[in-house]
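Working notes for the structure below.
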Amino acid sequence: MTGRSTERAATHTAALSPLLKQATPVLAARGEGVHIWDEDGRRYLDFTAGIGVTSTGHCHPRIVAAAQQQVGTLIHGQYTTVMHRPLLDLVERLGEVLPDGLDSLFFVNSGSEAVEASVRLARQATGRQNIVSFHGGFHGRTFGAASLTTSGVKIRAGIGPLMGGQVTAPFPAPYRLSRYGMSPENTEAATDFALGELDFLLQTVTAPDDTAAFIVEPVLGEGGYIPANEAFLTGLRERADRHGILLILDEVQTGVGRTGRFWGHEHFTGGLGGRRLADVLITAKGLASGFPLSAIAAPRELMERAWPGSQGGTYGGNAVACAAALATLDVVRDEKLVENSAERGAELLAGLRRVAAARALPGEVRGLGLMAATEFSHGDGSPDTAAAARAQAAASERGLLLLTCGPAGNVVRMIPPLVVTAEQVEEALGIWADAV
Ligand code: PLP
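Read in order, the letters of the sequence shown are residues 1 to 436 in our numbering.
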């Protein structure tokens with residue numbers, strides 16, 4: 001692809017900073033629904049959704065109207081100074097969709113900030129220091145969040161010393177463990193291994209009395225689109241209860257319908273007998289359709305154990321972002337986007353499996369809802385990063401925008417807006433089959 005806007009995008013990016021690495025050469029001029037147009041008028045199917053953010057599609061008319069209305073009313077009313085109606089209404093609305101008992105909320109701007117806020121809360125509320133995160137987890141790029149992140153060395157390389165008190169335990173990733181003789185289908189063995197290692201760490205590295213929280217994603221996102229499972233998350237809950245450790249669910253990527261349930265962890269709570277899984281739930285990306293906003297939810301009595309005034313940020317809970325979030329929740333409900341995510345997600349995953357089988361791709365296809373991915377491997381199971389990069393580039397040349405993820409960058413993922421139609425899924429799969 002050598003259009004004028006492609007060249008301009010490359011120059012533009014280089015002039016910004018060589019630190020910015022762009023996954024595609026596209027210079028986006030406008031977006032509508034599942035599509036992006038570049039400055040030359042070329043149309044792309046956007047199966048990246050701004051990394052899972054534009055859940056209602058680009059520029060959904062109801063989000064645009066809500067934001068425009070709010071811009072003309074009150075753009076910014078800082079919440080430690082004055083309260084505003086969009087934030088109060090959003091607290092009410094989120095209360096309707098959050099798990100029972102997570103009845104106290106506050107807001108910052110990004111996923112990383114929400115992670116930092118949850119760590120502060122956990123440390124202050126328990127008086128303990130250590131935080132256990134899980135191999136392949138991604139929690140962000142700020143120092144605390146980066147310390148908890150093990151989805152790839154680049155996030156942590158060369159910036160140490162990082163936050164202290166971080167301990168990493170295995171995440172049940174059967175396909176990865178299959179390189180060491182475990183069956184890629186044997187989720188049970190991978191889970192036994194992960195929980196056994198966690199118990200060992202609690203005996204040897206991080207005494208329960210020093211451990212404030214576990215932080216876990218219901219689906220490893222940047223780490224390669226690996227869903228957790230019921231036994232694992234139930235096992236974490238049991239250990240949290242036994243030792244007085246808090247369980248932080250990082251639903252930054254999986255929240256607000258992305259996985260085909262409103263919250264990603266709802267897939268895995270069957271074994272809890274109605275008991276709530278999370279002590280703290282954080283969410284961001286799909287919450288406000290592209291406006292920066294993240295939420296931290298916990299029981300009020302837990303929030304009361306932390307220090308008042310120790311949390312927040314100048315732009316946190318911005319009025320326009322809150323208005324966009326309210327409109328997003330309306331659209332998700334009225335257009336049945338959670339259901340659409342489940343149905344289109346199942347079609348997408350089945351289609352990716354068909355393509356992988358037809359092309360005899362070594363690797364694995366996996367995902368949950370509209371988080372669907374193909375891991376590219378060599379015959380011996382080692383990562384084939386070059387094949388993933390070629391497939392991703394070939395897809396974008398053919399008009400389908402995709403991203404890679406995973407520790408070795410060898411997983412190509414599809415994360416379209418939740419408004420994607422069955423026809424658009426078919427179109428994307430056709431391009432994908434051609435690209436690989
Ligand atoms: N947590 C998870 C699960 C994420 O996927 C991300 C971003 O991809 C973050 C935290 C960090 O969010 P942000 O990039 O908004 O800081």
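Glycine included, C-beta positions come from ideal geometry on N, C-alpha and C.
Practice task
Provide the residue span of the alpha helix (DSSP H) that contains residue 230, from first to last.
Solution key: Per DSSP, residue 230 is one residue of the alpha helix (DSSP H) stretching across 230–243.
Exercise for the section: Evaluate the contact criterion for the segment 69–84 versus the segment 407–422: three or more CB pairs, one atom per stretch, below 8 Å. Expected result: no
Practice task
Could you tell me if residue 258 is buried or exposed, where buried requires 16 or more neighbouring beta carbons within 10 angstroms of its beta carbon?
Solution key: Buried, because 16 or more other Cβ atoms sit within 10 Å of the Cβ of residue 258.
Practice task
Grab me the residues of residue 188's own chain with a C-beta within less than 8 Å of its C-beta, minus the 5 sequence neighbours each way, in chain order.
Solution key: 231
Practice task
Could you check what DSSP says for residue 438 in three-state terms: helix, strand or coil?
Solution key: With the chain running from 1 to 436 in the structure shown, residue 438 is simply not present.
Handout entry: Start-to-end residues for the alpha helix (DSSP H) that takes in residue 147
Key = 143–147
Handout entry: Contact set for residue 140: own chain, Cβ-Cβ below 6 Å, skip 5 residues either direction
Key = 111, 112, 115
Handout entry: Cβ-based burial, residue 200 [other Cβ within 10 Å; buried from 16]
Key = That one is exposed.
Practice task
Please name the residue in 42, 338, 136, 102 whose C-alpha comes closest to that of residue 217.
Solution key: 136
Practice task
Could you tell me how far apart the beta carbons of residue 224 and residue 407 are, in whole angstroms, since I believe they sit closer than 8 Å?
Solution key: 7 Å
Practice task
May I have a chain-ordered list of the beta strand (DSSP E) segments no shorter than 3 residues that lie completely inside the segment 288–365?
Solution key: Whole beta strand (DSSP E) segments, 3+ residues: 294–298.
Exercise for the section: In the DSSP assignment, find the alpha helix (DSSP H) that holds residue 178 and state where it starts and stops. Expected result: From DSSP, residue 178 is part of no alpha helix (DSSP H); its letter is neither H nor E.
Handout entry: Three-state secondary structure assigned by DSSP to residue 193
Key = Reduced to three states, the DSSP call for residue 193 is helix.
Problem - Option in 330, 236, 237 with minimal Cα separation from residue 94 - result: 330
Practice task
Would you list the one or two residues that DSSP bridges to residue 373?
Solution key: 366, 413
Handout entry: Other residues of its chain near residue 163: CB distance less than 7 Å, five sequence neighbours each side excluded
Key = 143, 144, 147
Exercise for the section: Put residue 16 into one of helix, strand or coil per three-state DSSP. Expected result: Residue state, collapsed to three classes: helix.
Exercise for the section: Check whether the Cβ of residue 138 lies closer than 7 Å to any heavy atom of the ligand PLP, and answer yes or no. Expected result: yes
Handout entry: Three-state secondary structure (DSSP) of residue 113
Key = helix
Practice task
Would you check whether the ligand PLP has a heavy atom nearer than 7 Å to the C-beta of residue 112?
Solution key: Residue 112 has its CB nearer than 7 Å to a heavy atom of the ligand PLP.
Exercise for the section: Answer with buried or exposed for residue 38, where buried requires no fewer than 16 other C-beta atoms within 10 angstroms of its C-beta. Expected result: buried
Exercise for the section: For residue 432, name the three-state secondary structure that DSSP assigns. Expected result: Here residue 432 carries a helix assignment [DSSP, helix/strand/coil].
Handout entry: residue 434: CB within 7 Å of a non-hydrogen atom of the ligand PLP
Key = no
Handout entry: Terminal residues of the beta strand (DSSP E) in which residue 246 lies
Key = 246–251
Practice task
Confirm, please, whether the CB-CB distance from residue 220 to residue 291 is below 8 Å.
Solution key: No, the pair does not count as a contact, with Cβ atoms beyond the cut-off.
Handout entry: Distance CB(residue 206)-CB(residue 252) smaller than 8 Å
Key = no
Problem - contact_flag[the segment 322–329, the segment 83–93] where n(CB pairs < 8 Å) is 3 or more - result: yes
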